[in-house]
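Per this note's numbering, the sequence shown starts with residue 268, numbered consecutively. Glycine included, each C-beta is placed from N, C-alpha and C at the ideal position. These notes are about the structure you will find just below.
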Amino acid sequence: MPIAAGRVIIEERYNTAQVERLSVLPQFRRKQIGVQMMQTVEKFIREHHPDVTHIKINAQTHAIPFYEKQGYHVTTPEFMDNYIPHRAMEKNLYGVQK
Ligand SMILES: CC(C)(COP(=O)(O)OP(=O)(O)OC[C@H]1O[C@@H](n2cnc3c(N)ncnc32)[C@H](O)[C@@H]1OP(=O)(O)O)[C@@H](O)C(=O)NCCC(=O)NCCS
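Okay, here's the thing in structure tokens:
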């Protein structure tokens, strides 16, 4: 049975990838599985899409600390999506402009 899921949309022409719908089953949360999912996504992008330099996420506001711990930073004020507060976040995969 899968215990976590998510999807990544590669947007080569913008040198970005968008991570969406990341989720871990409640009973498996806070066991570093979300971090492993994000590390797997980043490794996949580095290996298969070298032109992608940035990952973007529309993060649910409550999850911002989870992404900040992995080097993502907030880029927008809060906005509502499907009645849930969100903020856009971004990470430069290579630390500096590539
Ligand atoms: C957000 C989510 C994916 C995190 O997955 P997880 O497996 O529980 O996270 P991890 O155990 O890998 O957490 C890594 C670190 O982030 C922290 N963290 C995780 N979720 C957090 C939260 N909601 N608020 C604050 N810190 C959080 C953990 O404490 C941990 O910190 P540490 O490394 O100092 O111990 C999971 O809580 C989830 O599925 N939530 C419901 C769906 C959702 O909101 N998805 C995000 C949509 S943008």
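I need the residues with a C-beta less than 6 Å from some heavy atom of ligand 1; please give them in chain order. L289, S290, V291, R296, R297, K298, Q299, I300, G301, V302, A326, Q327, H329, A330, P332, F333, K336
Quick check: the Cα distance between Q294 and I300, rounded to an integer number of angstroms? 11 Å
Leaving out the 5 sequence neighbours to the left and right, which residues in its chain are closer than 7 Å to T342 when beta-carbon positions are compared? A355, M356, E357
Considering Cα atoms alone, identify which of G338, Y350, N325, E335 is closest to P344. N325
Apart from the five residues just before and just after K323, which ones in its own chain have a Cβ nearer than 6 Å to its Cβ? T283, Q285, E357
Shortest alpha-carbon distance to P269 belongs to which of G338, I331, L292, Y361? L292
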